[in-house]
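For the protein sequence lines, the chains are A and B, in the order given. Okay, so the first sequence: first residue is 13 according to my numbering, each after it adds one. Okay, so the second sequence: first residue is 82 according to my numbering, each after it adds one. Glycine included, every Cβ here is placed at the ideal spot set by N, Cα and C. Remarks on the structure that follows.
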Amino acid sequence: EAQVTQNPRYLITVTGKKLTVTCSQNMNHEYMSWYRQDPGLGLRQIYYSMNVEVTDKGDVPEGYKVSRKEKRNFPLILESPSPNQTSLYFCASSEGGVVSATPLHFGNGTRLTVT
Amino acid sequence: AQSVAQPEDQVNVAEGNPLTVKCTYSVSGNPYLFWYVQYPNRGLQFLLKYITGDNLVKGSYGFEAEFNKSQTSFHLKKPSALVSDSALYFCAVNTGFQKLVFGTGTRLLVSP
């Protein structure tokens, strides 16, 4: 089954403790992206990647890191999480990227709470 | 800057009635417009898109959307709502960069 898999689904952590949210897709998609969803703000893009070793900032990249060492994986790293990063995070992928208007495939989300 | 507005936080409709979820956009250039749906505890799912051509776009689950350039709108519609259509709906826009800008979402509640 074609899918985007995020882990974990739920994560509670404390301020400053480094964490990684994993994302993997099995569709051989070139483009991958991370979003955060907050009430009243919709989805905002954190980082995206057009291909292996090619990443770029979205609209809210502060406090986050990403890497794309393999085509299928695109982990989101919070080196020193803060309470304002408490949010619902989504990973997404698409065949040709946003410019080509190919639909995004989303994971089921990771709900992160930072205390 | 490109932006998308969904003026209604929630839309209530009775099952069997037509539904409309509104979306307006503000972009320079020709927009690519999308609708996505989010069910509880799930990621977003693609419903339909407009790139060019016919202003009425048909998508999944019986949904359609009408692109109106003069009103800069892309409203989502369905002739007969189902209880199972109850979900959170997002409009999104892109104008040639690798960023998709989403609206704040509209919760659709279909009552039996």
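Chain-order list of residues whose beta-carbon lies under 7 Å from that of Phe-183(B) (same chain, five-residue window excluded): Walking along the second sequence from the start, residue 183(B) turns up at place 102. Here the set comprises Val-85, Phe-171, Ala-173.
task: Measuring alpha carbon to alpha carbon, tell me which of Tyr-142(B), Gln-87(B), Ser-167(B) ends up nearest Gly-54(A).
output: For the purposes of this step, residue 54(A) is taken as residue 42 along the first sequence, with counting starting at 1. Among Tyr-142(B), Gln-87(B), Ser-167(B), the Cα nearest to that of Gly-54(A) belongs to Gln-87(B).
- request: Jot down the residue ranges of each uninterrupted beta strand (DSSP E) in the segment 89 to 140 of chain B, minimum 3 residues, whole runs only, in chain order.
  value: 91 to 95, 100 to 102, 105 to 107, 113 to 119, 125 to 131, 137 to 139
message: Contact criterion: CB-CB distance below 9 Å. Does Phe-171(B) meet it with respect to chain A?
response: Counting from 1 along the second sequence, the entry for residue 171(B) is found at position 90. So, interface residue.
task: Please say whether Lys-77(A) and Glu-65(A) have beta carbons closer to each other than 9 Å?
output: Taking the first residue of the first sequence as position 1, residue 65(A) is located at position 53. Taking the first residue of the first sequence as position 1, residue 77(A) is located at position 65. No, the pair does not count as a contact, with Cβ atoms beyond the cut-off.
Expected contact under 8 Å - CB spacing of Leu-35(B) and Gly-140(B) to nearest Å: No statement about residue 35(B) is possible, as the shown extent of chain B runs from 82 to 193 and does not include it.
query: Which class does Gln-152(B) belong to by DSSP, given the choice of helix, strand or coil?
result: Indexing the second sequence from 1 puts residue 152(B) at position 71. Gln-152(B) falls in the coil class under three-state DSSP.
query: Residues in its own chain within less than 7 Å of Pro-51(A) by CB, not counting five upstream and five downstream?
result: Here residue 51(A) corresponds to residue number 39 of the first sequence, with the count starting at 1. Taken in chain order, the list of residues that qualify is empty.
- prompt: Per DSSP, Ile-24(A) forms a beta bridge with which residues?
  reply: Mapped onto the first sequence, residue 24(A) falls at position 12. DSSP, once it has assigned bridges, lists Thr-125(A) as partnering Ile-24(A).
- prompt: Given Val-138(B), which residues of its chain have a CB within under 8 Å of its CB, disregarding the five upstream and five downstream residues?
  reply: On the second sequence, residue 138(B) is found 57 positions in, with the first residue counted as 1. Excluding positions up to five away in sequence, the list reads Leu-129, Lys-130, Tyr-131, Glu-145, Ala-146, Glu-147, Phe-148.
Coarse secondary structure for Asn-96(A), derived from DSSP in three states: Taking the first sequence and counting its residues from 1, the one referred to as residue 96(A) is at position 84. DSSP places Asn-96(A) in helix when its eight states are reduced to three.
message: Which residues does DSSP list as the beta-bridge partners of Asn-85(A)?
response: Here residue 85(A) is taken as the residue at index 73 of the first sequence, counted from 1. For Asn-85(A), which the question treats as bridged, DSSP gives the partners Ser-36(A).
- prompt: Cβ of Pro-121(B) within 8 Å of any heavy atom in the ligand PLP?
  reply: No copy of the ligand PLP occurs in the structure displayed, which carries no ligand at all.
field: Helix, strand or coil at Asp-71(A) according to DSSP, with G and I counted as helix
entry: Locating residue 71(A) in the first sequence gives position 59, counting from the first residue. If DSSP states are grouped into helix, strand and coil, Asp-71(A) belongs with coil.
field: Whole-angstrom C-beta distance between Glu-42(A) and Gly-108(A), which should lie under 8 Å
entry: Counting from one through the first sequence, the residue named residue 108(A) turns up at place 96. Counting from one through the first sequence, the residue named residue 42(A) turns up at place 30. About 7 Å separates the two Cβ atoms, so the contact holds.
- prompt: Looking at chain B, which residues of the segment 99 to 124 of chain A have a Cβ within less than 7 Å of any of its Cβ atoms?
  reply: Phe-102, Gly-109, Val-110, Val-111, Ala-113, Pro-115, Leu-116, Phe-118, Gly-119, Asn-120, Gly-121
query: Between Gln-15(A) and Gly-121(A), is the Cβ-Cβ spacing less than 9 Å?
result: For the purposes of this step, residue 15(A) is taken as residue 3 along the first sequence, with counting starting at 1. For the purposes of this step, residue 121(A) is taken as residue 109 along the first sequence, with counting starting at 1. No. Outside cutoff.
query: In chain order, what residues of the same chain lie with their CB nearer than 8 Å to the CB of Gln-119(B), ignoring the 5 residues before and after it?
result: Position 38 of the second sequence, counted from the first residue, corresponds to residue 119(B). Contacts found: Leu-125, Gln-126, Ala-168, Leu-169, Tyr-170, Phe-171, Gly-186.
- request: Look up Phe-102(A) in the DSSP assignment and give the residues it is bridged to.
  value: What you label residue 102(A) is simply residue 90 of the first sequence in a count that begins at 1. Phe-102(A) pairs with Tyr-47(A).
message: What does the alpha-carbon distance come out to for the pair Thr-127(A) and Leu-90(A)?
response: As a first step, residue 127(A) must be located in the first sequence, where it is residue number 115. As a first step, residue 90(A) must be located in the first sequence, where it is residue number 78. Taking the straight line joining both Cα atoms gives about 14 Å.
- request: Could you have a look at Tyr-76(A) and say whether DSSP puts it in helix, strand or coil?
  value: If you number the first sequence from 1, residue 76(A) lands on position 64. Here Tyr-76(A) sits in coil by DSSP.
task: Please look up how many angstroms separate the CB atoms of Asp-71(A) and Tyr-60(A), rounded, as I've assumed it's under 8 Å.
output: Sequence index remark: in the first sequence, residue 71(A) carries index 59 (1-based). Sequence index remark: in the first sequence, residue 60(A) carries index 48 (1-based). Not really, about 10 Å apart at Cβ, beyond 8 Å.
Same chain, Cβ closer than 6 Å to Thr-34(A), neighbours up to 5 away in sequence not counted: In the first sequence, the residue the question calls residue 34(A) occupies position 22. Once the five neighbours on either side are set aside, the close Cβ partners of Thr-34(A) are Asn-19, Pro-87.
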